[in-house]
Amino acid sequence: MTSEKPLIMLIDDDRDFLDLNRRILEAKGYRVVCFSDPNVALAEMASRKPDVVITDLMMKDLDSGFVFSKKIKGDPRFKDIPVIIITAASSKRGFDFTPRTQDELDAMSADAYFDKPIVPEALLAKVEELLEK
Amino acid sequence: MSREHYHVEDEPHRILVVDDEYGMREGCRAVLAAEGYEVETAEDGVVGLKIFSEKGKFSAVLVDLNMPRMSGMELIEKMHELDKDVCLLVITGYATIETAVEATKRGAYGYIPKPFTPDELLLPVRSGLEKRSLTLEAKRLREERENRLLEVAFERSKSNTIINCMTDGVLVINRDKQIVLRNAASARIIPKCSQFHLPTPMEDALDAPELSALVAETLEVKSESLIISKEVTLGNCTYMVNASPVMELNGDTVGAVAVLRDITALKKLDTAKSMFVSMVAHEIRGPLAVIEGYLNVILSGVAGQNPDRDRGMLERSLARAKTLRKMVSELMNLTAMETGHFTIKRAPLEIARVVAEAVEWCREKADEKGIALALDCAEYTLKEKILADRDAMMCVFTNIIDNAIKYTPPNGNVKVAVEYNGIYAKISIKDDGIGMTHEEQERVFDEFFRAKNEFTENVPGTGLGLSLVKRLVDMHQGKISLDSTPGIGSEFTVSLPSMEDTLLII
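Chains as they are written, first to last, in our numbering: chain V, 3 to 135; chain U, -1 to 504.
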């Protein structure tokens, strides 16, 4: 069994991002499942609880990623799963989404936040750090 | 007021001499004419009065008291009645000086006792005429002032009318923070304000702390050229309030004027524009990040070395770069359309042939996917012409057909039909693809809208094609409609006006 290998759930509506991040993570030996719809991912979570969730921010709606991460953190079964938000949207009407403090990060129900494009090393380091916690 | 009633300075004074003695009449005429006066004479009061009332304006009249038919006294009274300003001088013998004094009480300016030297005649005439000029000038000034007052009153009511007709709200507030003037628009903007009789304290009547604070700030201002501008939200509307102080000549602020302009629609437009810009930024950053990400992975070797896999990633990067380039040119077209720099060149166009060409242009793509692409157009439609821009029409139909192919699974059908009924040409593009939900149909012509589901995630597209199509159809005074059912398929219908109708519209 490979159950020792951590399971990482990727959610993005851009299939190239799924493909890209999958390659980066799989190269490090992680198991990866990909979803383009956060709701499908949420339904899947009960049967296959991931160790880390990496989600895009703007999918169907501007804040799909926030809604999704709130649902995870609000569910007692999943609230301990670290969530990483990745986005190409640095601004919504000119306001920077990038969290500056831990509080702002908490407000997003996220454990980490990255701007696209992803620097592979930074993502991998963050995943490792979150898994160790 | 016309000045014709009065003596015009460069014309000589006219003087009437009324005396029954011929010698006296002619003596006076000689003396006065030598001084440049225009002289008329009359031998008695009846003739004198006739000349006075019929032969135009006289500046002065010399009247002998003792005359037959009508006494000098009576004549003076009658003339004074006709013209209050005329200078009446009595010519009298010493015996009747008392009577002459009486005459001055009844309107005569003075008397000249007989006999007199030329100077003794001229002196009272000159001073009488001078007095008359002064009286007339004073009268003119008085009338002028009265007219000006009338004008001011008229101006005031005119200003009130103008202020009330303004679509911007106008409020005038005095130093004691009381509203002293409001126009109809301001009463509409702040309904509460119209319930109070003016003047009324602004805090009570405005019920808008932000606005009151702005006015209070303006009242503190010490320079007339300073205008304080602020956006103020009242109810559901946003107003740009421009407030400026009203100052007296000595520099004291006596009040403030606030003009309220409704900028709600502008704010909405501004918001939409900002949203669009951030959408564009997001739509461009996405593909760029993908390209950068793939290249990063290949170059850094994070995912290991595998030429085949690397090639796959490079191909994806290329595909995304192409989409990006297409998106940028479509954006440029959309912007050109919005700023009015995009012009269509209408010419008679056999529309069915253009549609057929668009169909052929898309044929290869349909064949690749195994989609049956059919064109149904009756022979008669081929010769029908509409007034349209050829490139724009090609863009419209290749975009719609290309779209139909994209969103139809392999082995599906795309059917294009052309009809013409003399009023408009109707082109329909029908597919048996994935279809759209009601919500998706409503947004399909919006910029950057792309239906997102399991099927569409692998369909490349910019999300700008259909909004471009809609704009082009609009520019041709045409109509585009959509009928779609999820899982069954979609049908786009484009209607374009006939050549005759287009000529009528444009």
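Don't be surprised by glycine CBs; every beta carbon is placed ideally from N, CA and C.
Note that the structure is a prediction, hence the values are computed from the model and not measured.
(request) Would you kindly check if the distance between the Cβ of Ile83 (chain V) and the Cβ of Ala114 (chain V) is under 8 Å? (result) No, the pair does not count as a contact, with Cβ atoms beyond the cut-off.
(message) From the DSSP secondary-structure annotation, give me the bridge partner or partners of Leu385 (chain U).
(response) In the DSSP output, where bridge partners are listed per residue, Leu385 (chain U) has U:Pro346.
(message) Pairs of beta-carbons, one from the segment 168 to 185 of chain U and one from the segment 247 to 261 of chain U, closer than 8 Å: are there three or more?
(response) Verdict: yes, contact present.
(request) Taking Gln436 (chain U) as the query, report the chain V residues whose CB atoms sit under 8 Å from its CB, ordered along the chain. (result) A small fix is needed here, since residue 436 (chain U) is His in this sequence, not Gln. The premise fails here: His436 (chain U) is roughly 16 Å from chain V at the closest Cβ pair, so nothing lies under 8 Å.
(request) Flag Ala29 (chain V) as yes if its beta-carbon sits less than 8 Å from any beta-carbon of chain U, otherwise no. (result) Taking 8 Å as the CB threshold, Ala29 (chain V) lines the interface with chain U.
(request) Apply the 10 Å Cβ neighbour rule to Met(-1) (chain U) and answer buried if 16 or more other Cβ atoms are within range, or exposed otherwise. (result) Reliability of the predicted coordinates at Met(-1) (chain U) is poor, the pLDDT of 39 falling under 50, and the value obtained from them is presented with this limitation in mind. So Met(-1) (chain U) ends up on the exposed side.
(message) Which of the three DSSP states is assigned to Arg318 (chain U) in this structure?
(response) The answer is helix: DSSP assigns Arg318 (chain U) an H, G or I state.
(request) Output the boundary residues of the alpha helix (DSSP H) element that contains Pro243 (chain U). (result) Run containing Pro243 (chain U): none in the alpha helix (DSSP H); it sits in the beta strand (DSSP E), 235 to 245.
(message) Could you compute how far the alpha carbon of Asp18 (chain V) sits from the alpha carbon of Thr435 (chain U)?
(response) Taking the straight line joining both Cα atoms gives about 26 Å.
(request) Give the range of the beta strand (DSSP E) segment to which Ile86 (chain V) is assigned. (result) Where Ile86 (chain V) is concerned, the enclosing beta strand (DSSP E) stretches over 85 to 89.
(message) Just checking Val412 (chain U) against the ligand SAM - is the residue's beta carbon closer than 7 Å to any of the ligand's heavy atoms?
(response) In the structure on display, the ligand SAM does not appear, and there are no ligands present to speak of.
(request) Would you mind giving the Cβ-Cβ distance between Met110 (chain V) and Phe70 (chain V), rounded to the nearest angstrom? I have them listed as a contact below 8 Å. (result) Contact check for Met110 (chain V) and Phe70 (chain V): beta-carbon distance about 11 Å, past the 8 Å limit, so the pair fails to qualify.
(request) From the DSSP output, in three-state form, read off Arg95 (chain V) for me. (result) The predicted position of Arg95 (chain V) is uncertain, since its pLDDT is 40 and thus under 50; a value taken from the coordinates is nonetheless stated next. Coil.
(request) Find out if the Cβ-Cβ distance for the pair Leu286 (chain U), Leu316 (chain U) is shorter than 8 Å. (result) Against a cut-off of 8 Å, the Cβ pair of Leu316 (chain U) and Leu286 (chain U) comes out as no contact.
(message) If we define contact as Cβ-Cβ less than 8 Å, is His474 (chain U) a contact residue for chain V?
(response) For His474 (chain U), not one C-beta of chain V is nearer than 8 Å to its own C-beta.
(request) Evaluate Leu224 (chain U) with the Cβ neighbour count: other Cβ atoms within 10 Å of its Cβ, from every protein chain shown; 16 or more gives buried, anything less gives exposed. (result) Here Leu224 (chain U) is exposed, its C-beta having fewer than 16 other C-beta atoms within 10 Å.
(request) Return the CA-CA distance between Glu2 (chain U) and Ala136 (chain U), expressed in angstroms with no decimal places. (result) Summary for Glu2 (chain U): the model assigns pLDDT 42, below 50, so the residue's position carries little reliability; its value from the coordinates is reported in the next sentence. Computed Cα separation, rounded: 16 Å.
(message) Tell me the rounded alpha-carbon separation between Val288 (chain U) and Asp16 (chain V).
(response) Roughly 9 Å separates the two Cα atoms.
(request) Please compile the residues from chain V whose C-beta is within a distance smaller than 9 Å of the C-beta of Gly508 (chain U). (result) Shown here, chain U extends from -1 to 504; a query on residue 508 (chain U) therefore has no answer.
(request) Go ahead and pull the three-state DSSP assignment for Glu134 (chain V). (result) Note: Glu134 (chain V) maps to helix in three-state DSSP.
(message) Counting only Cβ-Cβ distances shorter than 7 Å, please list the residues of the segment 288 to 299 of chain U near chain V, keeping chain order.
(response) Of all residues in the segment 288 to 299 of chain U, the ones placed with a Cβ closer than 7 Å to any Cβ belonging to chain V are Val288, Glu290, Gly291, Tyr292, Asn294, Val295, Ser298, in chain order.
(message) For a minimum of 4 consecutive residues, which ranges assigned as the alpha helix (DSSP H) are wholly contained in the segment 166 to 232 of chain U?
(response) Within the segment 166 to 232 of chain U, the alpha helix (DSSP H) runs of at least 4 residues that lie entirely inside it are, in chain order, 182 to 187, 200 to 204, 207 to 217.
(request) Apply the 10 Å Cβ neighbour rule to Arg102 (chain V) and answer buried if 16 or more other Cβ atoms are within range, or exposed otherwise. (result) Residue environment analysis places Arg102 (chain V) among the exposed positions, since fewer than 16 neighbouring C-beta atoms fall within 10 angstroms of its C-beta.
(request) Starting from Phe19 (chain V), find everything on chain U with Cβ-Cβ shorter than 9 Å and list it in chain order. (result) Contact note: Phe19 (chain V) reaches chain U through Gly284, Ala287, Val288, Gly291, using a C-beta cutoff of 9 Å and chain order.
(message) At the 8 Å Cβ level, is Ala319 (chain U) part of the contact set with chain V, yes or no?
(response) So, not an interface residue.
(message) Is the separation between the beta-carbon of Arg344 (chain U) and that of Leu385 (chain U) shorter than 8 Å?
(response) Annotated as proximal: Arg344 (chain U) and Leu385 (chain U), with beta-carbon spacing under 8 Å.
(request) Look at the alpha carbon of Asn240 (chain U) and the alpha carbon of Ala151 (chain U), and state the distance between them as a whole number of angstroms. (result) Annotation: Asn240 (chain U) to Ala151 (chain U) spans about 28 Å, alpha carbon to alpha carbon.
(message) So Val412 (chain U) and Ile425 (chain U) are supposed to be a Cβ contact under 8 Å. How far apart are they, rounded?
(response) So it is not a contact: roughly 13 Å between Cβ atoms.
(request) Round the Cβ separation of Leu87 (chain U) and Pro122 (chain U) to the nearest angstrom and send it over; I've been treating them as touching at under 8 Å. (result) Right, their Cβ atoms sit about 6 Å apart.
(message) For a contact defined as C-beta to C-beta under 8 Å, what are the partners of Ala203 (chain U) on chain V?
(response) Counting only Cβ-Cβ distances below 8 Å, Ala203 (chain U) has no contacts in chain V at all, with the closest Cβ about 35 Å away.
(request) Mark Ser49 (chain V) as exposed unless 16 or more other C-beta atoms lie within 10 angstroms of its C-beta, in which case mark it buried. (result) When all chains shown are included, Ser49 (chain V) counts as exposed.
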